[in-house]
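Undergrad: Here the numbering used here is used: the first residue of the sequence shown is 4, the next is one more, and so on. This is the structure I want to talk about, given as structure tokens.
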Amino acid sequence: MEHIIKTGIASYGMSGKLFHAPFIQAHPGFELSAIVERHKDESRVKYPDSRLYRSFEELLADDSLELIIVNTPVQTHFEYAKAALEAGKHIVVEKPFTVNAEEAKALDELATEKQLHLIVYQNRRYDGDYRSIKNIVENQLLGSLKEAELRYDRYRTGHSGKAHKEGDQPGAGNLHDLGAHLIDQAIQLFGFPEAVFADVFTMRENMIANDYFEVILYYPRPFRVRVKGTVFARESVYPFVLHGELGTFMQQRSDLQETQLLNDVIPSTNPWIPAPQGFDGLLHTLENGEVVRKETRSEMGNYMDFYSDVYATIVNGETNPVPASEAILTMRILDAALLSAREKRVISL
4 MEHIIKTGIA SYGMSGKLFH APFIQAHPGF ELSAIVERHK DESRVKYPDS
54 RLYRSFEELL ADDSLELIIV NTPVQTHFEY AKAALEAGKH IVVEKPFTVN
104 AEEAKALDEL ATEKQLHLIV YQNRRYDGDY RSIKNIVENQ LLGSLKEAEL
154 RYDRYRTGHS GKAHKEGDQP GAGNLHDLGA HLIDQAIQLF GFPEAVFADV
204 FTMRENMIAN DYFEVILYYP RPFRVRVKGT VFARESVYPF VLHGELGTFM
254 QQRSDLQETQ LLNDVIPSTN PWIPAPQGFD GLLHTLENGE VVRKETRSEM
304 GNYMDFYSDV YATIVNGETN PVPASEAILT MRILDAALLS AREKRVISL
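Here you go:
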């Protein structure tokens, strides 16, 4: 590739180590030029050729950088993204995009004013299991949809100790952390809802931030979407369930990319993860007048496709894969869900 995007990463925590650095390093269109570690030198082991900075300000002062990855705690996203745009950098901002929709709109307006690309990192759009659900919806294999449930359950009864995720801070909590993935997927699959009703609270003892959420998205009748997450699911259920007038589709969360990245597998623009072992979905519907019930296997996902899309956006002027305008919609629903839970009422959008 003639144009190489010199890229800097704002943080080398889990997000930087797993979801950004390996892909930037392996993609032929990018150069992992700089990494911020405030106190440690962990990035030197895998990325010794990158420059090590001790502050975000040092990163922004590097005139050679064209793209900045804002993957710091969500409470800093607005400040850091704003500073990067004002410094003339294109940016990728981790999810959740910001603390609230107001901040998200302000960043969108600034990026437009500066004629810079602002891309939000919604990597779960590139999961194989999600792509299977998208295929079912787009091909209308269930006929007119009546009900959908998207879940992100875990079994984590302890505390992480991370104040930005579980402390008394705006944007902390399971709703912003995992709910942002599910709400983004719901919007992509079904469009923007008319209203929201939510139950959001804390189940674990001595916990400040929410760790349970159930959000009902109201669409024109007769269709409803339920988005849910808990930290007390020791046994899993199907996390994706669609019901339509012709039948049902259920899909396991089977994408193996995160597991492979934790095992230090190097990603690639080519397929680099194994296909799901066995079947991971169930389709029970009506095809050509006959009832069909069959197990299905999802396709392989690839987060590298996100960075290929980022490259195409910055270098070739192609469509932004996750523009701020879409992320604002997710933030509006998150804001409405918190308001609904506080006031115990349906919030019109």
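We put the CB at the ideal spot given by N, CA and C, even for glycine.
Comparing alpha-carbon positions, which option in Asn103, Lys231 and Ala183 lies nearest arginine 157?
TA: Locating residue 157 in the sequence shown gives position 154, counting from the first residue. With distances taken between Cα atoms, arginine 157 lies closest to Lys231.
Undergrad: What is the DSSP secondary structure of glutamate 105, reduced to helix, strand or coil?
TA: Here residue 105 refers to the residue found at position 102 of the sequence shown. Three-state result, glutamate 105: helix.
Undergrad: Do you know offhand how far tyrosine 83's Cα is from threonine 160's?
TA: If you number the sequence shown from 1, residue 83 lands on position 80. If you number the sequence shown from 1, residue 160 lands on position 157. Looking at the two C-alpha atoms, the distance is approximately 32 Å.
Undergrad: Considering only the alpha carbon of each residue, which of Leu35, Ser18 and Gly19 lies closest to isoleucine 7?
TA: As a first step, residue 7 is located in the sequence shown; it is residue number 4 there, counting from the start. Of the listed residues, the one whose Cα sits closest to isoleucine 7 is Leu35.
Undergrad: Just confirm the distance between the C-beta atoms of valine 39 and phenylalanine 26, as a whole number of angstroms; I'd bet it's less than 8 Å.
TA: Here residue 39 refers to the residue found at position 36 of the sequence shown. Here residue 26 refers to the residue found at position 23 of the sequence shown. About 17 Å; that fails the 8 Å criterion.
Undergrad: Three-state secondary structure (DSSP) at glutamate 248?
TA: The residue labelled residue 248 in the question sits at position 245 within the sequence shown. DSSP places glutamate 248 in coil when its eight states are reduced to three.
Undergrad: Comparing C-alpha positions only, which one of Tyr50, Val123, Gly284 and Ser301 sits nearest to glutamate 329?
TA: As a first step, residue 329 must be located in the sequence shown, where it is residue number 326. Nearest C-alpha to glutamate 329: Val123.
Undergrad: Look at the alpha carbon of tyrosine 155 and the alpha carbon of asparagine 177, and state the distance between them as a whole number of angstroms.
TA: Numbered from 1 along the sequence shown, position 152 holds the residue referred to as residue 155. Numbered from 1 along the sequence shown, position 174 holds the residue referred to as residue 177. In a straight line, the C-alpha of tyrosine 155 is about 10 Å away from that of asparagine 177.
Undergrad: By Cβ distance, which residues of its chain are closer than 8 Å to glutamate 44, with the 5 residues on each side in sequence left out?
TA: Residue 44 sits at position 41 when you count from the first residue of the sequence shown. It should be pointed out that residue 44 corresponds to aspartate in this sequence rather than to glutamate. Result list for aspartate 44: Leu55, in chain order.
Undergrad: For a quick check, are the C-beta atoms of threonine 333 and alanine 183 less than 8 Å apart?
TA: What you label residue 333 is simply residue 330 of the sequence shown in a count that begins at 1. What you label residue 183 is simply residue 180 of the sequence shown in a count that begins at 1. It is a contact, given that the beta carbons lie within the stated cut-off.
Undergrad: Tyrosine 133 by DSSP, collapsed to three states: which one?
TA: As a working note, residue 133 is residue 130 in the sequence shown. Residue state, collapsed to three classes: helix.
Undergrad: What beta strand (DSSP E) runs, 3 residues minimum, are completely inside the region 210 to 270?
TA: 215 to 221, 227 to 232, 243 to 247 and 251 to 254, all fully within the region 210 to 270.
Undergrad: Using 10 angstroms around the beta-carbon of methionine 4, count the other beta-carbons present and answer buried if the total reaches 16, otherwise exposed.
TA: Translated into the one-based positions of the sequence shown, residue 4 becomes position 1. So methionine 4 counts as exposed.
Undergrad: What's the C-alpha gap between asparagine 305 and aspartate 312?
TA: In the sequence shown, the residue the question calls residue 305 occupies position 302. In the sequence shown, the residue the question calls residue 312 occupies position 309. Approximately 12 Å between the Cα atoms of the pair.
Undergrad: Out of Phe309, Arg296 and Gln260, which has the shortest C-alpha to C-alpha gap to leucine 21?
TA: For this step, residue 21 is matched to residue 18 along the sequence shown. Closest by alpha carbon: Gln260.
Undergrad: Of all the options Leu144, Leu245, Leu286 and Ala236, which has the alpha carbon lying nearest to the alpha carbon of arginine 207?
TA: Taking the first residue of the sequence shown as position 1, residue 207 is located at position 204. Selected option, being the one with the closest Cα: Ala236.
Undergrad: What does the Cβ neighbour count give for glycine 91, buried or exposed, with the cut at 16 atoms within 10 Å?
TA: In the sequence shown, counting from the first residue as 1, residue 91 sits at position 88. So glycine 91 ends up on the exposed side.
Undergrad: Suppose the cutoff is 6 Å on Cβ atoms and the five residues either side in sequence are ignored; what does the same chain contact list for proline 242 look like?
TA: The count along the sequence shown starts at 1 and reaches residue 242 at position 239. Hits under 6 Å: Arg154 and Arg256.
Undergrad: What's the gap between the Cα of aspartate 111 and the Cα of alanine 86?
TA: Translated into the one-based positions of the sequence shown, residue 111 becomes position 108. Translated into the one-based positions of the sequence shown, residue 86 becomes position 83. If I take the Cα positions, the gap works out to 13 Å.
Undergrad: Can you give me the Cβ contacts of phenylalanine 193 inside the same chain, cut-off strictly under 8 Å, excluding the 5 residues immediately before and after it?
TA: Counting from one through the sequence shown, the residue named residue 193 turns up at place 190. Correct list, in chain order: Val140, Leu148, Ala151, Leu220, Tyr222, Phe226 and Val228.
Undergrad: Between isoleucine 269 and the rest of its own chain, which residues show a CB-CB distance below 7 Å, the 5 nearest in sequence each way excluded?
TA: Looking up residue 269 in the sequence shown gives position 266. Excluding positions up to five away in sequence, the list reads Pro25 and Ala29.
Undergrad: Mind checking whether valine 234 and alanine 344 have CB atoms under 8 Å apart?
TA: Start at 1 with the first residue of the sequence shown, and residue 234 comes out as number 231. Start at 1 with the first residue of the sequence shown, and residue 344 comes out as number 341. No; because the gap between Cβ atoms is not below 8 Å, this pair is not in contact.
Undergrad: Which residues does DSSP list as the beta-bridge partners of isoleucine 38?
TA: As a position in the sequence shown, residue 38 is number 35, starting the count at 1. Beta-bridge pairing links isoleucine 38 to Ile12 and Leu55.
Undergrad: Could you tell me if glycine 281 is buried or exposed, where buried requires 16 or more neighbouring beta carbons within 10 angstroms of its beta carbon?
TA: On the sequence shown, residue 281 is found 278 positions in, with the first residue counted as 1. Exposed, because fewer than 16 other Cβ atoms sit within 10 Å of the Cβ of glycine 281.
Undergrad: Could you check whether proline 173 and glutamine 263 sit closer than 8 Å to each other, using their CB atoms as the reference points?
TA: Along the sequence shown, one-based indexing puts residue 263 at 260. Along the sequence shown, one-based indexing puts residue 173 at 170. No, the Cβ-Cβ distance between glutamine 263 and proline 173 is not below 8 Å.
Undergrad: So which of Arg300, His120, Ser53 and Val295 has the shortest CA-CA distance to tyrosine 133?
TA: For the purposes of this step, residue 133 is taken as the residue at position 130 of the sequence shown. For tyrosine 133, the nearest C-alpha among the options comes from Arg300.
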